[in-house]
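First up is the structure itself, then whatever we jot down about it.
So this is what it looks like as structure tokens:
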């Protein structure tokens, strides 16, 4: 007996929200990536004296009061503010009619690595200084990772699924994969999904102490994914939201699709808690799961947005996995982490990039890349802006600790 796997219908992407190092316009985000610019610069929001690096990819031009009332902002940390603002941008973009009485069928599925961390740092510092009576009660509810998604749901009256996914660097794409499955299962008529993260002092200094970030003295090539001289990532931050829906009902309200999510894949690698995957087989399996879910072959993929972040281990094992699937093919491979750094929302950022750059029929170069590592010799790495061979993009997001996610998107062409 032959068993046929039913092909899942695509999930439409109707709206995008971007809070990035390049601003809050997805057109500006697209142009910066295509031009090969970098959002990496000095961190000013906290003291980095004594650290090996003072660099990150911080948000420098964001006025949350543009989207959120001052009274509500009082109980939001930067992660929650990014989430609410990015969600509002995506919903407005999608022309979603938010109902005054709320919506039982719309929801929020967000990924975060740092959610609740900065507030916890502030709350505990106040507790240690002043005891229980000195702890700011207003902050306590935001010390949990799910605060950002919860506050976004409250802001728009969404009473459907409200879920927070935390898988370190892969959190954003993990949330998108989860959201797609919820929409396919008809658990929601529409979802805000993607990722949000904010840089804060303890998080940054912990990574600095572990010496996983590129030293400042080696900046430029050191943080270029796939470069021969890469020496580690820098941390980024921001919010990237997608509004997704099943079916075609969105046409009736005059919305325009940025593209579709055709397939998703999730897997894991058995590694220690902070180690990158060291074998390519699990990465290949994850990409193949997404391709099978989309009913596509590797040769159908036009562009890969790699998870590569300028760490020696991850870039090497992903290059090996990509070589097995796409080596010698015309498929163009890029990574946006040389421009935006590494953070939990990076998978959401890569999906937005795949859509807006795909609609422009271009592939952004790997920012900072000068001399590709010999391990990428059979891959078509984008060293300069490249014409996209077609609309199909595979997005990877692989986390230290072994959580692995891939998604296949088709940009509106």
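Residue numbers (the numbering used here): 3 to 415. Idealized CB from N, CA, C, for every residue including glycine. All of these numbers come straight from a predicted model, not from anything done at the bench.
Please go through the same chain and pick out, in chain order, the residues whose beta-carbon is closer than 6 Å to the beta-carbon of residue i, but skip the five residues on each side of it.
i, result
"residue 38", "367, 369"
"residue 127", "none"
"residue 315", "278"
"residue 323", "282, 285, 286"
"residue 373", "230"
Starting from the C-beta of residue i, find all residues in its chain whose C-beta is less than 7 Å away, skip the five residues before and the five after it, and write them out in chain order.
i, result
"residue 164", "109, 110, 151, 152, 155"
"residue 326", "282, 286"
"residue 275", "403"
"residue 355", "35, 307, 338, 366"
"residue 378", "228, 321"
"residue 256", "97"
"residue 116", "81, 199, 200, 202, 205, 346"
"residue 361", "260, 413, 414"
"residue 1", "This structure does not reach residue 1, given that the chain is present from 3 up to 415, and the question cannot be answered."
Express the C-alpha separation of residue j and residue i in angstroms, rounding to a whole number.
i, j, result
"residue 51", "residue 65", "27 Å"
"residue 85", "residue 62", "16 Å"
"residue 6", "residue 186", "Legend: pLDDT at residue 6 = 46, less than 50; position of this residue unreliable, value from coordinates given subsequently. Computed Cα separation, rounded: 18 Å."
"residue 203", "residue 168", "20 Å"
"residue 90", "residue 69", "7 Å"
"residue 72", "residue 149", "17 Å"
"residue 139", "residue 133", "12 Å"
"residue 380", "residue 328", "8 Å"
"residue 261", "residue 393", "9 Å"
"residue 412", "residue 124", "42 Å"
"residue 270", "residue 107", "31 Å"
"residue 211", "residue 49", "15 Å"
"residue 75", "residue 142", "14 Å"
"residue 118", "residue 331", "43 Å"
"residue 272", "residue 172", "16 Å"
"residue 102", "residue 11", "31 Å"
"residue 288", "residue 213", "29 Å"
"residue 248", "residue 387", "33 Å"
"residue 371", "residue 82", "33 Å"
"residue 382", "residue 348", "22 Å"
"residue 298", "residue 179", "17 Å"
"residue 192", "residue 209", "36 Å"
"residue 250", "residue 135", "54 Å"
"residue 294", "residue 177", "20 Å"
"residue 77", "residue 305", "41 Å"
"residue 43", "residue 147", "27 Å"
"residue 122", "residue 290", "39 Å"
"residue 300", "residue 252", "31 Å"
"residue 47", "residue 309", "27 Å"
In its own chain, which residues sit with a C-beta less than 8 Å from the C-beta of residue i, not counting the 5 before and 5 after it?
i, result
"residue 384", "334, 335, 336, 365, 366, 367, 368"
"residue 375", "228, 229, 230, 232, 317, 318, 321"
"residue 363", "389, 390, 415"
"residue 4", "A caution first: residue 4 carries a pLDDT of 46, below 50, which makes its placement in the model unreliable, though a value can still be read off. The answer is none, since no qualifying residue turns up."
"residue 45", "56, 57, 58, 60, 201, 206"
"residue 137", "125, 128, 129"
"residue 254", "none"
"residue 87", "19, 21, 26, 64, 66, 68, 69, 70, 241"
Are residue i and residue j close, meaning C-beta to C-beta below 8 Å?
i, j, result
"residue 344", "residue 311", "yes"
"residue 182", "residue 303", "no"
"residue 170", "residue 318", "no"
"residue 120", "residue 80", "yes"
"residue 342", "residue 238", "yes"
"residue 201", "residue 350", "no"
"residue 41", "residue 27", "no"
"residue 405", "residue 263", "no"
"residue 112", "residue 145", "no"
"residue 100", "residue 158", "yes"
"residue 296", "residue 14", "no"
"residue 340", "residue 224", "no"
"residue 359", "residue 32", "yes"
Tell me, to the nearest whole angstrom, how far the beta carbon of residue i is from that of residue j; I am working on the premise that it is less than 8 Å.
i, j, result
"residue 407", "residue 268", "5 Å"
"residue 396", "residue 292", "7 Å"
"residue 161", "residue 105", "6 Å"
"residue 235", "residue 313", "6 Å"
Please confirm whether any heavy atom of the ligand ADP lies closer than 7 Å to the CB of residue i.
i, result
"residue 163", "For the ligand ADP, the structure offers nothing, since it holds no ligand at all."
Worksheet item: Is the region 273 to 280 close to the region 327 to 341, with three or more CB pairs under 8 Å?
Response: The region 273 to 280 is not in contact with the region 327 to 341.
Worksheet item: Is the region 229 to 245 close to the region 193 to 201, with three or more CB pairs under 8 Å?
Response: With the cut-off at 8 Å, the region 229 to 245 and the region 193 to 201 touch.
Worksheet item: Are at least three pairs of beta-carbons, each pair with one atom in the region 88 to 98 and one in the region 10 to 29, less than 8 Å apart?
Response: Counting Cβ pairs under 8 Å, three or more are found: they touch.
Worksheet entry | Cβ contact check for the region 206 to 219 and the region 41 to 57: 3 or more pairs under 8 Å | A contact is defined here as three or more CB-CB pairs under 8 Å, and the region 206 to 219 meets this definition with respect to the region 41 to 57.
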